[in-house]
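What follows is a set of notes on a single structure, which appears directly below.
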Amino acid sequence: MDVSIILVSYNTKDLTLECIKSVYDKTQGINFDIYVVDNNSGDGSCDAIRQAYPNVKTIQNSENKGFGAANNIAIKQSSAKYIFCLNTDTILVNNAIKILFDYMEENENVGVCGGQLYDRNMEITSSVGNFPTAARIFFQYFGLRFIFSKYWKEKLAPAKKLDATSVIPVDYICGADIFFRKSVLDKIGLFDENIFMYGEESDLCYRAKQAGYEVKFIPESKIIHLCGESSKNLNKQKMIQESLLYWYKKNLGFMSFLTLKFAIITTCIVKYIFLSKPEYKELAIYFSRI
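Start counting the sequence shown at 11; every next residue gets the next number (my numbering).
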């Protein structure tokens, strides 16, 4: 098997079916199988997938295990040479998977790659990002990103839009369409299951780079990401910050973790004072206990 395509679903039945259809419609020239790992959806996702696509391998979890842990279940079952983790809210525009496969076949030093993401209007959206750093804390939480906006966007921003026509080395690939060499995962390990969601792809790419592999952005591979825009939902933001704290502590050390924790709590307190929103006080208390 050339590629195992893994989708993690959670109450996204219609999106998942549309995504699978686009994979079958657009993918040619490789042998592939599809896994759908369902995180205990309540919308009948697995039954609908089995009925529409009986060849798709469905794995139904009894609880929501998160993004990384769900992907890991299918990765462990796969015998393919490559693993392609694809969000259920994506639609292939061209023979995107074959393009990524061909590039990896020709470049053995590359451990991870991904394609160009677009929104529903075919406008370029974030496909890659920069690794977290100590400098990012000061830029993101203390306003320096507004003063040095160009440097922020190019060197520090967690998500980047790249309008490119050729292959570019990057820090990490967005988790919506991340393509791995299976032998690299065997060497560096799978997704860190301590991260429920947000940040697991950058952690894995960080480990790949630490092991000497390159990470590449392949703009010829084109994919629509329907829900790619950043959410302002407080629960999502809380989850992102929680994952980020874990990431800093794991990969950058305890002092970077403490600096980030201070920045998050300070920001919550300022927002509570000036916006008079009690939820920010609750967030400050929550993060103080981590």
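Beta carbons are placed, not taken as given, at the ideal position from N, Cα and C, and that holds for glycine.
Between Q38 and K108, the gap from beta carbon to beta carbon is short of 8 Å.
Counting only runs of at least 3 residues, the segment 153 to 218 fully encloses the following beta strand (DSSP E) elements, listed from N- to C-terminal order: 187 to 191. Counting C-beta atoms within 10 angstroms of its own C-beta, K75 has 16 or more neighbours from the protein chains shown and is therefore classed as buried. Ranked by Cα distance from D12, the first of N41, I147, C95 is N41. For the pair of segments examined, the segment 153 to 160 was found not to touch the segment 39 to 59: the number of CB pairs separated by less than 8 Å stays below three. When C-alpha distances from I101 are compared across Q247, C237, F284, the shortest belongs to C237.
DSSP places S55 in the uninterrupted alpha helix (DSSP H) bounded by 55 to 62. In the DSSP assignment, I134 is bridged to Y128. Under a 10 Å Cβ-count criterion, F284 is classified as exposed, with fewer than 16 other Cβ atoms of the shown protein chains found around its own Cβ. Distances from the alpha-carbon of K170 to those of H235, S266, G139, E73 put G139 closest. With distances taken between CA atoms, A62 lies nearest to L27 out of G78, V47, L27. Annotation for T175: P229 place their beta carbon closer than 7 Å to its own, counting only its chain and skipping 5 residues before and after. Ranked by Cα distance from S51, the first of K31, F272, N21 is N21. Scanning its chain for C-beta atoms nearer than 6 Å, with the 5 sequence neighbours on each side dropped, one finds around D99 the residues L25, L236, C237, in chain order. With a cut-off of 8 Å on Cβ pairs, the segment 260 to 271 is not in contact with the segment 122 to 129, counting fewer than three such pairs.
DSSP, reduced to helix, strand and coil, places Y223 outside both helices and strands of the structure shown, so it counts as coil.
The C-beta of F227 has 16 or more other C-beta atoms within 10 Å across all chains shown, which makes the residue buried.
Between N71 and N49, the C-beta spacing is below 8 Å. Where I275 is concerned, there is no enclosing beta strand (DSSP E), although the alpha helix (DSSP H) around it starts and stops at 264 to 285. In the three-state DSSP reduction, P229 falls in the strand class (E or B). The DSSP-derived three-state label of I69 is strand. For A167, the closest alpha carbon among the candidates Y256, I15, I183, P142 is that of P142. Under DSSP, no beta-bridge partner is assigned to S88.
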